[in-house]
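Engineer: Residue numbering for the sequence shown follows the working numbering, starting at 930 and increasing by one per position. Each residue gets a CB set at the ideal place from its N, CA and C atoms; glycine is no exception. Computed from a predicted structure; not experimentally measured. Just passing along the structure, written as structure tokens.
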Amino acid sequence: MAGEVFKNRFTFIAAAVGMAVGTGNLWRFPRVVGEYGGGAFIIAIVVANLVWAIPVLMSESLLGSKSRLGTIGAFRDFMGRKFAWMGGFVGLVTVGILFYYSVVCGWALRYLVYAVTGKFNDSNVDTSVVWNDFTGSAWQPMLFHVISIAMVGYIVIRGVKRGFESVLNVVIPALFVILVILFIQALTLDGASGGLEYMFVPDWSVLTEADVWLQAFTQMAFSTGAGWGLYLTYAVYMRQKEDMATNAGILVSANLLASLFAATAVLCTLFSVRSAEYATTAAGNANQDFAFTYFAALFGQMTGGAIFGPLFFLALFLAGISSLIAMVELAARNIMDMGLTRQTSVTIVVVATLIAGIPSAYSVDFLTNQDNVWGIGLLISGLCVAVAMMKFGVERARKEMDDVSDVRVGKWWSVCIYAFPLMFVLLFGWWMQQALEDVPEPWNVTSTFSIGTMLLQWGVLALIMLALNNVLANKVMSGPMSASMGPGTPFVGDPNLGRWRLPRMRRKGGAE
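Structure below.
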């Protein structure tokens, strides 16, 4: 395979942070923090990061860097040919998110244009009307969906060095600068203490609710990228001897920091500009339109809103694009592993996203359903990654990571991996019990939040992947530890990761 590799550790971490820090941090995190208990939800998020996100990301880095293949090839080579379907499932769960995520990026771009042109400078503007007019338009959501995915397609088609590495080296530092500016500005507002109290003072009682933990783990997976296969994909281009343990810790820490910056900026501004009652209602009842109605309405009512409004939506757009790049690369990497060129692979992904994103572009309800189905589906993907480590050998995997990590990977990682099935069963069992009690028509497959719609979509995807298992296993090219050599076969790679070869065998008598 034509090899590309990130220039250095900084560029890899920048790309990885860009993969993780997306609209989930600015668009999703502030509203779910408000909806699910503020400080208590943050505690649940920290727990989820420690016991789920970091172990999964470390595992993904091993899967990608050792196999040098996308999700399908990595699972095939680590687990055996019978498990290629599992890599396909993990990849397509993320592709399911890709199809609507491009639409969300389009929303951010449209609102950036609105903000720059002064749409929200008037304190009397009704942002609910603006939102309904935009999402109800016959052409606007689709136009900005097309612009977003076309822009990302152009970046990804240029490859690692000339494409997303060079772009993300600029975008990610710029994104964090904007977040810090918004964070500091929000803290200087009168009444900001109300937002801080709402965010960080926990209501311990909500930690007994299954939905809080499910949403915390879902947000963790959605935000960090754990289980998506995105980190696995970037690890394909990782330099040899890259520190897997420290990199995963840096990624999760940076992602959590970005989330807290964003949530603080949003909630402190809400509490400062409007009443505490309004802020509590907005944070607790908001849906997909949170940033575009409740928060957008504040810019015309605050000092400097004409500056901070464009900055917020620029940050939202940059965050979305950085994650969208990783999703397109994941899908394209799997296609490239089947022998197609990067140009052809990326073109296929872009066209598929354009078409499959149409329902989400024209129906917020459909997008909400897909966000729920595939967002929670990421927990299944995380379980698949843990199962891959068990099949490969947990202690063996830990030793592989220890060999390249400055920080020793302790037994805690092994314990977390072995605990994944139990965590998954408890979490999902708890959630299903509560869903059966609280969700109207829980088995109605046409209901947005029902158990039935989730099980149907997950089940159909799993059955299709199982049926195609042999095709996938045969079609994906060989990597340095491909199934034809047997999992675990030692390999030697050149410094540029361009070509991989088996170690040279010695003839009898010792001559090579």
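Whole angstroms are fine: how far does the CA of Ala1103 sit from the CA of Val1389?
Structural biologist: Here residue 1389 refers to the residue found at position 460 of the sequence shown. Here residue 1103 refers to the residue found at position 174 of the sequence shown. Just so you know, the alpha carbons of Val1389 and Ala1103 end up roughly 41 Å apart.
Engineer: Restricting to Cα atoms, I'd like to know which of Gly1120, Met1167, Gly1154, Arg957 is closest to Arg938.
Structural biologist: As a working note, residue 938 is residue 9 in the sequence shown. Looking at the Cα atoms, Met1167 is the closest of the given residues.
Engineer: Rank Leu1159, Ala1317, Phe1028, Thr1209 by C-alpha distance to the C-alpha of Gly1442 and give the top, closest one.
Structural biologist: Nothing about residue 1442 can be reported from this structure: the residues present for the chain run from 930 to 1441 only.
Engineer: Would you decide whether Asn1050 is buried or exposed? Buried here means 16 or more other CB atoms lie within 10 Å of its CB.
Structural biologist: In the sequence shown, counting from the first residue as 1, residue 1050 sits at position 121. By the neighbour-count rule (16 or more Cβ atoms within 10 Å), Asn1050 is not buried but exposed.
Engineer: Looking at Thr1222 and Thr1056, is the spacing between their C-beta atoms short of 8 Å?
Structural biologist: The residue given as residue 1056 occupies position 127 in the sequence shown. The residue given as residue 1222 occupies position 293 in the sequence shown. Cβ atoms of Thr1056 and Thr1222: closer than 8 Å.
Engineer: I believe Val1019 touches Cys1313 by the beta-carbon criterion, under 8 Å. Please report the beta-carbon distance rounded to the nearest angstrom.
Structural biologist: Stepping through the sequence shown from its first residue, residue 1019 is reached at position 90. Stepping through the sequence shown from its first residue, residue 1313 is reached at position 384. That belief holds up - the Cβ atoms of Val1019 and Cys1313 are roughly 5 Å apart, short of 8 Å.
Engineer: With 16 as the cutoff for other CB atoms within 10 Å, does Leu991 come out buried or exposed?
Structural biologist: What you label residue 991 is simply residue 62 of the sequence shown in a count that begins at 1. The residue in question, Leu991, is buried, as its Cβ has 16 or more Cβ neighbours within 10 Å.
Engineer: Cα separation between Gln1217 and Pro959?
Structural biologist: Position 288 of the sequence shown holds residue 1217. Position 30 of the sequence shown holds residue 959. If you take the alpha carbons of Gln1217 and Pro959, they lie about 11 Å apart.
Engineer: Under DSSP, the alpha helix (DSSP H) around Thr1282 begins and ends at which residues?
Structural biologist: For this step, residue 1282 is matched to residue 353 along the sequence shown. That run of the alpha helix (DSSP H) goes 1271-1285.
Engineer: To the nearest angstrom, how far is it from the Cα of Gly1417 to the Cα of Glu989?
Structural biologist: In the sequence shown, residue 1417 corresponds to position 488, counting from 1. In the sequence shown, residue 989 corresponds to position 60, counting from 1. Low confidence applies here, because Gly1417 scores a pLDDT of 40, under 50, leaving its location unreliable; read the following figure in that light. Cα to Cα, Gly1417 sits roughly 16 Å from Glu989.
Engineer: Do Val1085 and Val1202 have their C-beta atoms within less than 8 Å of each other?
Structural biologist: Here residue 1085 is taken as the residue at index 156 of the sequence shown, counted from 1. Here residue 1202 is taken as the residue at index 273 of the sequence shown, counted from 1. No.
Engineer: So, for Asp1294: in the same chain, excluding its five sequence neighbours on each side, which residues have a beta-carbon less than 7 Å away from its beta-carbon?
Structural biologist: Numbered from its first residue, the sequence shown carries residue 1294 at position 365. Result list for Asp1294: Thr1377, in chain order.
Engineer: Does the pairing of the segment 1390-1407 with the segment 1011-1018 give three or more beta-carbon distances under 8 Å?
Structural biologist: Between the segment 1390-1407 and the segment 1011-1018, the count of C-beta pairs closer than 8 Å reaches three or more; the two stretches touch.
Engineer: Leaving aside the five residues before and after Met1383 along the sequence, list all residues of the same chain whose C-beta is less than 7 Å from its C-beta, in chain order.
Structural biologist: Here residue 1383 refers to the residue found at position 454 when the sequence shown is read from its first residue. Cβ neighbours of Met1383 beyond the five flanking positions: Val1302, Ile1305.
Engineer: Does DSSP put Pro1131 in a helix, a strand or coil?
Structural biologist: The residue given as residue 1131 occupies position 202 in the sequence shown. Looking at Pro1131 - three-state DSSP - the assignment turns out to be strand.
Engineer: Cα separation between Pro871 and Leu1185?
Structural biologist: Shown here, the chain extends from 930 to 1441; a query on residue 871 therefore has no answer.
Engineer: Can you tell me which of the three DSSP states Gly967 falls into?
Structural biologist: Taking the first residue of the sequence shown as 1, we reach residue 967 at position 38. Strand at Gly967.
Engineer: If you draw a straight line from the C-alpha of Ala943 to the C-alpha of Trp1133, how long is it?
Structural biologist: Here the question's residue 943 lines up with position 14 in the sequence shown. Here the question's residue 1133 lines up with position 204 in the sequence shown. Looking at the two C-alpha atoms, the distance is approximately 36 Å.
Engineer: Have a look at Lys936, Thr1282, Phe1321, Leu1125 and flag the residue whose alpha-carbon is nearest the alpha-carbon of Gly963.
Structural biologist: Within the sequence shown, numbered from 1, the residue matching residue 963 stands at position 34. Minimum Cα distance to Gly963 is reached at Leu1125.
Engineer: Could you please give the first and the last residue of the uninterrupted alpha helix (DSSP H) stretch that includes Ser1030?
Structural biologist: Walking along the sequence shown from the start, residue 1030 turns up at place 101. Reading off the sequence, residue 1030 comes out as Tyr, not Ser. Tyr1030 -> alpha helix (DSSP H) spans 1013-1045.
Engineer: With Thr1175 and Val1336 assumed to form a contact (beta carbons below 8 Å), what rounded beta-carbon distance in angstroms separates them?
Structural biologist: Translated into positions along the sequence shown, residue 1175 becomes position 246. Translated into positions along the sequence shown, residue 1336 becomes position 407. For a cut-off of 8 Å, the C-beta gap from Thr1175 to Val1336 is around 5 Å, short enough to register as a contact.
Engineer: Are Leu1307 and Phe1151 close, meaning C-beta to C-beta below 8 Å?
Structural biologist: Position 378 of the sequence shown, counting from 1, holds the residue named residue 1307. Position 222 of the sequence shown, counting from 1, holds the residue named residue 1151. Closer than 8 Å, so yes.
Engineer: Which first and last residues belong to the alpha helix (DSSP H) in which Lys1320 is found?
Structural biologist: Position 391 of the sequence shown holds residue 1320. That run of the alpha helix (DSSP H) goes 1293-1321.
Engineer: Which runs of the alpha helix (DSSP H) at least 4 residues long sit entirely within the segment 1350-1385? Give them in chain order.
Structural biologist: none
Engineer: Would Val934 be called buried (16 or more neighbouring beta carbons within 10 Å of its own) or exposed?
Structural biologist: Residue numbering aside, residue 934 sits at position 5 when the sequence shown is read from its first letter. Classification for Val934: buried.
Engineer: Report the rounded CA-to-CA distance for Arg1005 versus Val1278, giving the unit in angstroms.
Structural biologist: Counting from 1 along the sequence shown, the entry for residue 1005 is found at position 76. Counting from 1 along the sequence shown, the entry for residue 1278 is found at position 349. C-alpha separation (whole angstroms): 22 Å.
Engineer: Using 8 Å for Cβ pairs, my map puts Thr1000 next to Asn1263. What's the rounded Cβ distance?
Structural biologist: What you label residue 1000 is simply residue 71 of the sequence shown in a count that begins at 1. What you label residue 1263 is simply residue 334 of the sequence shown in a count that begins at 1. Confirmed, Cβ separation roughly 6 Å.
Engineer: So Leu1401 and Ala1013 are supposed to be a Cβ contact under 8 Å. How far apart are they, rounded?
Structural biologist: Here residue 1401 corresponds to residue number 472 of the sequence shown, with the count starting at 1. Here residue 1013 corresponds to residue number 84 of the sequence shown, with the count starting at 1. Confirmed, Cβ separation roughly 4 Å.
Engineer: Using the three-state DSSP reduction, which class does Asp1006 fall into: helix, strand or coil?
Structural biologist: Translated into the one-based positions of the sequence shown, residue 1006 becomes position 77. Correct three-state label for Asp1006: helix.
Engineer: For the alpha helix (DSSP H) containing Ala1155, list its first residue and its last residue.
Structural biologist: By one-based count along the sequence shown, residue 1155 stands at place 226. Ala1155 -> no alpha helix (DSSP H), and no H or E assigned at all.
Engineer: Could you give the first and the last residue of the continuous alpha helix (DSSP H) run that contains Val980?
Structural biologist: As a first step, residue 980 must be located in the sequence shown, where it is residue number 51. Per DSSP, Val980 belongs to no alpha helix (DSSP H) and is neither H nor E.
Engineer: Could you compute how far the alpha carbon of Asn1061 sits from the alpha carbon of Ile1113?
Structural biologist: For the purposes of this step, residue 1061 is taken as the residue at position 132 of the sequence shown. For the purposes of this step, residue 1113 is taken as the residue at position 184 of the sequence shown. Distance between the alpha carbons of Asn1061 and Ile1113: 31 Å.
Engineer: Using a threshold of 8 Å, state whether the C-beta atoms of Val946 and Ala1281 are closer than that.
Structural biologist: Sequence index remark: in the sequence shown, residue 946 carries index 17 (1-based). Sequence index remark: in the sequence shown, residue 1281 carries index 352 (1-based). No.
Engineer: Count the other CB atoms, across all protein chains shown, that sit within 10 Å of the CB of Trp1068; report buried if there are 16 or more and exposed otherwise.
Structural biologist: Position 139 of the sequence shown, counted from the first residue, corresponds to residue 1068. Exposed, because fewer than 16 other Cβ atoms sit within 10 Å of the Cβ of Trp1068.
Engineer: Are the CB atoms of Arg1039 and Phe1073 within a distance shorter than 8 Å?
Structural biologist: The residue given as residue 1073 occupies position 144 in the sequence shown. The residue given as residue 1039 occupies position 110 in the sequence shown. Yes.
Engineer: In the DSSP assignment, find the alpha helix (DSSP H) that holds Asn1399 and state where it starts and stops.
Structural biologist: Here residue 1399 corresponds to residue number 470 of the sequence shown, with the count starting at 1. Counting along the chain, the alpha helix (DSSP H) containing Asn1399 begins and ends at 1398-1404.
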